[in-house]
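Chemist:
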Amino acid sequence: MKVGIIGSGGREHAICLALNDIRKIEEIYCFPGNAGTAKISKNIVLNLEDFDELKDFILLNKIDLIIVGPEKPLVDGIVDFLEGHNIKVFGPNKIASQLEGSKIFTKNLCKKYNIPTAKFGIFENVDSSIQFIKKTKYPIVIKADGLASGKGVYICDKISEAKNAINEIFAGKFGKAKNLLIEEFLKGEEMSYFIISDGKTLKKFGTAQDHKRVSEGDTGKNTGGMGAYSPSRLFNEALDKKILSRIIEPTIKGLKEIGTIYKGFLYAGLMIVDGEPYLIEYNVRMGDPECQTILPKLNSDLLEIFLSCCDEKLHETDINWYNKKSICVVLCSKGYPDQIKKKILIKDLDNLILGNDEYCFHAGTIIENKQTYAIGGRVLNFVCLSNDFLSARHQIMNSLKSLNWNGGFYRKDIGYKAISE
Ligand code: AMP
Ligand code: GLY
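In C-alpha cells form, the structure reads like this:
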C-alpha cells in the first residue's frame, strides 16, 4: 500500500513516523514534507493549490490513500475533488470544513443547537461594529470570519484596540471581509479535545493543552504553538460527558441536518469555565503541536484507523493508548513569531541521541547536501513520554541542551500547570 501525506509541519512528520513502521506500507509520499520526513518517505514538491497536478501525481504513482494534515486544502475542497476521482482520502469534505473555514458558520450552528459558546454578534460594516463597541463591556474578542493562520483574533481591553481590529479586518487584512464577529471574552482555561469520525461512528482521540504564547508563564505574542502536554490536566469523565453531549454530538447532528457527514479528525478548542465546557473554535484537523504530543501515545495501527474511517468501519476498529504522560517542546528560530533568519544550519542534529520514548519531529526544516537547515519559525518538536510530566520535560531539556543550537529558543515551562499541582 502507498500513502500520501499533505503538509510540512511537525504534525505531518508525526503522522509519517507513526505510519512508517507499519509493514503493509511500501511507500509514503509527503507533499512537500520537511527534512524529517525526507528520511523516511519521498518528499514531493507540487503546487498544492492546483488539485489537478496533485491528482495526476497520485494516479500515476498509484497512491492508495491520502491524508490531509492542514486546514487550507480541506477548506478549499480537496477531499471532494480527490474523491470525485475515486481517490481514497482521509479528511472532512468542503461543507464540513466550514467548521474551521467560517467562524460565523460555526457560531450559527452553536446558536441553532444550543451549543455552549461565548455570546456573539455578527456585524456587516465598520459603522455598526463601532456603534456596538462604544457601549459594550471590556475585554471583548473580535474575529475575522475566514481562515487567518491563527492571526484573525483580537482580544481587546479597550475601545481603541477594538477600533483598530475592526478597521484592520474590514480593510482586508485577512482577505475580503463581508462581516466580522464580536464575542464575549470567556475567562477560563483552554483545552484541546480531539475526536476521529467516519461519518457514522465517532471515537475519542485524546486531549491536550497547548501553550500558544511565545514566552514563559503564557505571556507575550500568540504563536502557532510553543509546546503542549497530553492529557490535559482539566480532563475528567464528567467533563468528557458534557463535551460529547453538549458540543460534539449536536455538531455532528447539525451537519447531518444540512446533508453532510463528518469524516476525519475534529479538534474542539474549548474554554473550561468553572468546570463547564464552552466551544471557542473548531479545527477540522489534528492540532499542531498537539498531534506530536498525542500520536506517540497511540498503541494501535494508525493505517487501520485511517482506512476504517474511509470505509465507514470505525466501529470495528479499536483505538488503544499507552497510559503515559506526554510533553512536546517546540524549538523555534530566534525572532519567532516576528522576523526570523532563513536557512540557518542546525549543526549536530545527526549526533542527537534520543531514548526509547523520545522523538524529534521536524517542522520548518530542509535538507541539503546531507545538512539540515531551519527555514521556518517553528523548527523542531521534542517529545517525550513518561510516567509523569516532570520527568518527561526533564528529558526533553537534556536533549535540547545536548543539541545546543544557537539559532533557536524554546520555553522551559511547558506543562507548568500540570507539573506544579
Ligand atoms: P481561535 O483562533 O478562535 O482559537 O482564537 C485564538 C485564541 O484566542 C484562543 O486560543 C483563545 O486563547 C483566544 N480566544 C478566542 N476566543 C475567545 C473568547 N471568546 N474568550 C476568550 N479567549 C478567546
Ligand atoms: N494548536 C493550535 C492549532 O493547531 O491550531
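Just so you know, the working numbering puts the end of the sequence shown at 421, numbered straight through with nothing missing.
Virtual Cβ for every residue (Gly too), placed ideally from N, Cα, C.
1. Enumerated in chain order, which unbroken segments of the beta strand (DSSP E) with a length of 3 residues or greater are wholly contained in the region 287-340?
2. What does a CB cutoff of less than 7 Å around K203 pick up in its chain, not counting 5 residues either side in sequence?
3. Helix, strand or coil: which one does DSSP assign to D210?
4. Please classify G172 as buried or exposed, where buried requires at least 16 neighbouring CB atoms within 10 angstroms.
5. Determine the contact status of M286 and R11, defining contact as a CB-CB distance below 8 Å.
6. List the endpoints of the continuous alpha helix (DSSP H) containing P250.
7. Can you determine whether any heavy atom of ligand 2 sits closer than 7 Å to the C-beta of E12, and answer yes or no?
8. Is there at least one non-hydrogen atom of ligand 1 closer than 7 Å to the beta-carbon of I166?
9. If you draw a straight line from the alpha carbon of N351 to that of E358, how long is it in whole angstroms?
10. Cβ atoms of E184 and I140: under 8 Å apart, would you say?
11. For a test of the three-state rule: what should DSSP assign to D350, helix, strand or coil?
12. Would you decide whether K107 is buried or exposed? Buried here means 16 or more other CB atoms lie within 10 Å of its CB.
13. So L109 is in the alpha helix (DSSP H); what residue range does that whole segment cover?
14. Using beta-carbon positions only, say whether I6 and I66 come within less than 8 Å of one another.
15. Determine the DSSP secondary structure at R378, reduced to helix, strand or coil.
16. Any Cβ of chain D within less than 8 Å of the Cβ of F389?
17. Between the C-alpha atoms of Y336 and G408, what's the straight-line distance to the nearest angstrom?
18. Please confirm whether any heavy atom of ligand 2 lies closer than 7 Å to the CB of D210.
19. Give the straight-line distance between the Cα atoms of I344 and Y373, rounded to the nearest whole angstrom.
20. Just to confirm the assignment, what range does the alpha helix (DSSP H) spanning L234 have?
21. Based on Cα-Cα distance, which residue from E368, R378 and K324 lies nearest to C360?
Modeler: Here's the rundown:
1. 325-333
2. Taking the sequence shown and counting its residues from 1, one reaches residue 203 at position 203. Closer than 7 Å at the Cβ level, and outside the excluded window around K203, lie I195, I196, L314 and I319.
3. Start at 1 with the first residue of the sequence shown, and residue 210 comes out as number 210. D210: strand per DSSP, three-state reduction.
4. Position 172 of the sequence shown, counted from the start, is the residue given in the question as residue 172. Result: exposed.
5. Numbered from 1 along the sequence shown, position 286 holds the residue referred to as residue 286. Numbered from 1 along the sequence shown, position 11 holds the residue referred to as residue 11. Yes, the Cβ-Cβ distance between M286 and R11 is below 8 Å.
6. Along the sequence shown, one-based indexing puts residue 250 at 250. First-last of the alpha helix (DSSP H) with P250: E249 to E257.
7. Within the sequence shown, the letter at position 12 stands for residue 12. The answer is no for E12.
8. Residue numbering aside, residue 166 sits at position 166 when the sequence shown is read from its first letter. No, the beta carbon of I166 sits no closer than 7 Å to any heavy atom of ligand 1.
9. Numbered from its first residue, the sequence shown carries residue 351 at position 351. Numbered from its first residue, the sequence shown carries residue 358 at position 358. Those two C-alpha atoms are separated by around 15 Å.
10. Walking along the sequence shown from the start, residue 140 turns up at place 140. Walking along the sequence shown from the start, residue 184 turns up at place 184. Yes, Cβ-Cβ distance for I140 and E184 is below 8 Å.
11. Position 350 of the sequence shown, counted from the first residue, corresponds to residue 350. It is helical.
12. Within the sequence shown, numbered from 1, the residue matching residue 107 stands at position 107. With 16 or more other Cβ atoms within 10 Å, it is buried.
13. Here residue 109 corresponds to residue number 109 of the sequence shown, with the count starting at 1. Run containing L109: K103 to K112, per the alpha helix (DSSP H) assignment.
14. Within the sequence shown, residue 6 is the residue found at index 6, counting from 1. Within the sequence shown, residue 66 is the residue found at index 66, counting from 1. It is a contact, given that the beta carbons lie within the stated cut-off.
15. Looking up residue 378 in the sequence shown gives position 378. R378 falls in the strand class under three-state DSSP.
16. Protein chain content of the structure displayed is limited to a single chain, and chain D is not contained in it.
17. Mapped onto the sequence shown, residue 336 falls at position 336. Mapped onto the sequence shown, residue 408 falls at position 408. For Y336 and G408, the distance between alpha carbons rounds to 9 Å.
18. Counted from its first residue, the sequence shown places residue 210 at position 210. For ligand 2, at least one heavy atom lies less than 7 Å from the Cβ of D210.
19. The residue given as residue 344 occupies position 344 in the sequence shown. The residue given as residue 373 occupies position 373 in the sequence shown. If you take the alpha carbons of I344 and Y373, they lie about 5 Å apart.
20. Counting from one through the sequence shown, the residue named residue 234 turns up at place 234. L234 -> no alpha helix (DSSP H), and no H or E assigned at all.
21. Looking up residue 360 in the sequence shown gives position 360. Among E368, R378 and K324, the Cα nearest to that of C360 is on R378.
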